[in-house]
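Just so we're aligned, residue 155 is where the sequence shown starts under our numbering, counting upward by one.
Worksheet: the structure to be examined is printed underneath.
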Amino acid sequence: MPHDLAPAETPLPTRFELRTRGDDGAWTTLATVFEREGQASFILADLPCGECGPCRRALVSSCVNPQRWTAMENQPPPARYRFGFDTARLPLATAAWAAAVAPLLEAIGRAGLGPGDVSFWLGSSPYAVLGACLAAVRGSKAYLCGHPVLEAALANVVAEDREQGPRFVALGALDEAALDVSRGSPSGFAERHVFVLDADALVWSAATNLLVPGTTLVSLGAAPALAGLPEDARLFTMGTRCNPDFAPEALAALATNALVARACDLLRAAALFEIAAIP
155 MPHDLAPAET PLPTRFELRT RGDDGAWTTL ATVFEREGQA SFILADLPCG ECGPCRRALV
215 SSCVNPQRWT AMENQPPPAR YRFGFDTARL PLATAAWAAA VAPLLEAIGR AGLGPGDVSF
275 WLGSSPYAVL GACLAAVRGS KAYLCGHPVL EAALANVVAE DREQGPRFVA LGALDEAALD
335 VSRGSPSGFA ERHVFVLDAD ALVWSAATNL LVPGTTLVSL GAAPALAGLP EDARLFTMGT
395 RCNPDFAPEA LAALATNALV ARACDLLRAA ALFEIAAIP
């Protein structure tokens, strides 16, 4: 009797984790995605406690007492923190990035950034690249401002979407860029949103120089240097934990926009994140 000697196909991984590297070099899991019985799910590793001050003010991205959950535990997560998605449109490994995308979407939403508004993303973090790309695909005139190394990174990300993608501006040229924005506005004034993703003093100095009446300033994962800010400045200080309420929007952005997915690839290339297949 003939025997079939063809090697068996290696099964595809059905569980992935998005991990981030801390200052101590250790990896911390941000989210888990898995497929079970044909259903794909996205679950955060840190679930908001719902009881601390930030949680009570709906700022769960700054929760001070998050509840840790891992896919290895027998206890299932609460249903409201488990989000399904279609793997035909969004592969498992890509869906895990929703944990990095969601905090930026929350920052954009709370700042009220809309189509036609201007946004400046300041800092040396690859998060700044991802945030600028998210703002651009939502119709904002987005500028990425920071270390020159980000200019090359941004060029790789927006190579196929130059008209849609954000533009890089050196910190020293920010004032000129802001002036050009105002000149292009019919009223001579354009709504500005400034996002700071770095605690560097030079970055904060550049950010405060961009402030005009009506500017919204967002500090995302960076301690704000408040000296010199106007008393009536609209300032949002946010944490970088994923708000579960923004997970569905983050999954949708990853499924429908290649620019966002390429920005996530940049985060992984920077060795700040990794996608780990779990056997």
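Note that CB positions come from ideal geometry on N, CA and C, so glycine has one too.
Integer Cβ distance of residue i from residue j, believed to fall under 8 Å
| i | j | result |
| --- | --- | --- |
| E171 | I432 | 6 Å |
| L284 | L421 | 6 Å |
| L298 | L288 | Between L288 and L298 the Cβ distance is about 12 Å, and since that is not below 8 Å, they are no contact. |
| A296 | S273 | 5 Å |
Bounding residues of the beta strand (DSSP E) (the contiguous stretch that carries residue i)
| i | result |
| --- | --- |
| G238 | R236 to F239 |
| A430 | F427 to A431 |
| W275 | V272 to L276 |
| T370 | T370 to L374 |
| W358 | First-last for W358: A355 to N363, but that is the alpha helix (DSSP H), not the beta strand (DSSP E). |
| A194 | Q193 to L198 |
| R346 | R346 to V350 |
Residue from the options with nearest C-alpha to residue i
| i | options | result |
| --- | --- | --- |
| P230 | T362, A286 and L198 | L198 |
| S279 | R211, Y235, V357 and A233 | V357 |
| L328 | R175, T362, D354 and A423 | T362 |
| A425 | W181, T168 and R210 | W181 |
| E483 | F349, A282, W223 and A256 | There is simply no residue 483 to check, as the chain begins at 155 and stops at 433 in what is shown. |
| P320 | L276, T183 and L246 | L276 |
| R236 | P245, V214, W251 and F196 | F196 |
| R395 | A185, T168, R169 and G179 | A185 |
| P367 | E345, V323 and V350 | E345 |
Bridge partners - residue i, DSSP secondary structure assignment
| i | result |
| --- | --- |
| W181 | R175 |
| Q221 | L201 |
| V214 | For V214, which the question treats as bridged, DSSP gives no partner whatsoever. |
Contact test: residue i Cβ vs the ligand GTP heavy atom, cutoff 7 Å
| i | result |
| --- | --- |
| S273 | For the ligand GTP, the structure offers nothing, since it holds no ligand at all. |
Min CB distance residue i to chain D below 8 Å
| i | result |
| --- | --- |
| F239 | As a matter of chain content, chain D is missing from the structure shown, which is built from one protein chain. |
Residue i - containing alpha helix (DSSP H), residue span
| i | result |
| --- | --- |
| C209 | G207 to R210 |
| A409 | A401 to T410 |
| V283 | P280 to V291 |
Given 8 Å, three or more beta-carbon pairs between the stretch 255-265 and the stretch 368-375: A contact exists between the stretch 255-265 and the stretch 368-375.
**OP:** Count the CB pairs spanning the stretch 409-418 and the stretch 207-221 that are closer than 8 Å, and state whether there are at least three.
**Re:** As far as the Cβ criterion goes, the stretch 409-418 does not touch the stretch 207-221, which means the pair count is below three.
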